[in-house]
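The sequence shown runs 1 to 253 under the UniProt record's numbering. Every residue, glycine too, gets a C-beta built ideally from N, C-alpha and C. Here's the structure, in structure tokens; my notes come after.
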Amino acid sequence: MKLNERSLAFYATCDSPADNSGFLYKRGERHTAYHRRWFVLKGNMLFYFEERDSREPVGVIVLEGCNVELCDSAEGFAFAIRFGGAKSRTYVLAAESQAAMESWVKSLSRASFDYMRLVVRELEKQLEEMRCGLAGGCRGSRESPGSWKPKPSGLERSPERLPALPAVLPKENGCAMWDNVLGAEQHQDTSGCGGHSDEGHPRPPPLPPRRRVLNGEAVAQGPSTFCQLHERYSRDVARLRQDWLQKQRGPRP
1 MKLNERSLAF YATCDSPADN SGFLYKRGER HTAYHRRWFV LKGNMLFYFE ERDSREPVGV
61 IVLEGCNVEL CDSAEGFAFA IRFGGAKSRT YVLAAESQAA MESWVKSLSR ASFDYMRLVV
121 RELEKQLEEM RCGLAGGCRG SRESPGSWKP KPSGLERSPE RLPALPAVLP KENGCAMWDN
181 VLGAEQHQDT SGCGGHSDEG HPRPPPLPPR RRVLNGEAVA QGPSTFCQLH ERYSRDVARL
241 RQDWLQKQRG PRP
């Protein structure tokens, strides 16, 4: 594999976030003495410098096709990076504490693309299992769960039948007159009860009579006692309930 020294040096010293960094003791290849070096891990590349403020790295270790494992050494908290092959070099490093060693071993073991492939495959497997579970739970339904819409019930009136209210309601004695607005399109029921219109649709309940203020006292323009209103509405409710029971029973043979 060909590596560009300038590109590697720029990547090692640029402001991109590092996966791990810190001082480690590195054993020499020819001499077994340990040297303190500043290590920076970025992706699958482990750079090491002579000092923390060095402008260029001394070397780089590409973490592909290797294993990170603990090893016995004269230095405490030692671990090794072993590559496959008879003539491959083994890098022996040592941390300054147990916590630092565990942190480095964990981050170095997860730096290779092989590990990332295993993680992606496992996530894809879990996603496929979730999709199969959802498909099995929704089996038998022709429509997807997101396309379900509530059906309007028969008791709801369509927007075409609702009277259009004006933007500003007319007022009389400081109170809005709702019966005048509705009376423009609907005729009041002279029979004194609700019921159904000629088209078969339920009529709206009668509106309470307007009250006028006369000499400081509210005077009703028509009979609006509680007993009369209760009797009027009870007849409407009983009639609607009787119609509903007949529809539930179905047509008689």
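Where residue i falls, given that 16 or more other Cβ within 10 Å makes a residue buried
i	result
TYR48	buried
PHE10	exposed
SER97	exposed
ALA12	buried
LEU93	buried
PHE113	exposed
ARG157	With a pLDDT of 46 at ARG157, under the threshold of 50, the modelled position of that residue is not reliable, and the figure given next carries that caveat. Exposed.
GLN86	For the record, residue 86 in the displayed sequence is Ala; it is not Gln. The residue is exposed, with fewer than 16 neighbouring Cβ atoms inside 10 Å.
ALA74	exposed
Separation of residue j from residue i, as counted between CA atoms
i	j	result
LEU70	PHE79	4 Å
VAL119	GLN248	59 Å
ARG37	MET116	28 Å
LEU245	GLY136	39 Å
LYS125	CYS132	11 Å
LEU229	ASP236	11 Å
GLU122	MET130	12 Å
ALA100	ARG6	30 Å
GLY250	ARG239	17 Å
ARG82	SER88	8 Å
VAL219	TYR233	In this predicted model, VAL219 has a pLDDT of only 49, less than 50, meaning its place in the structure is not dependable; the value taken from the coordinates is given anyway. Straight-line Cα distance between these residues: approximately 23 Å.
ARG44	SER109	According to the sequence as given, residue 44 is Asn; it is not Arg. For ASN44 and SER109, the distance between alpha carbons rounds to 10 Å.
ASN4	ALA18	20 Å
GLU102	ARG27	19 Å
LYS106	ASP72	18 Å
LEU46	LEU134	43 Å
GLU56	VAL68	25 Å
ALA95	LEU127	39 Å
CYS14	TYR25	24 Å
ARG241	CYS227	21 Å
ASP243	GLU231	19 Å
DSSP bridge partner residues for residue i (one or two, in chain order)
i	result
THR90	ARG82
LYS26	HIS35, LEU93
LEU46	LEU41, ILE61
ASN67	ARG82
SER21	VAL40
Residue from the options whose Cα sits closest to the Cα of residue i
i	options	result
ALA111	TYR25, CYS66, VAL58	CYS66
HIS31	ARG55, TYR91, ILE61	TYR91
GLY84	ALA74, LEU63, GLY76	LEU63
SER54	GLY76, VAL40, ASN44, SER109	VAL40
ILE61	ARG241, LEU8, GLU128	LEU8
SER16	GLU29, GLU56, ARG27, LYS42	LYS42
GLY76	PRO57, SER21, TYR34	TYR34
residue 256	LEU134, GLU50, TRP104	No answer is possible for residue 256: the residues shown for the chain start at 1 and end at 253.
GLU29	ASP243, GLU231, GLY59, LEU46	GLY59
GLU51	GLY22, ARG241, LYS106, GLN242	GLY22
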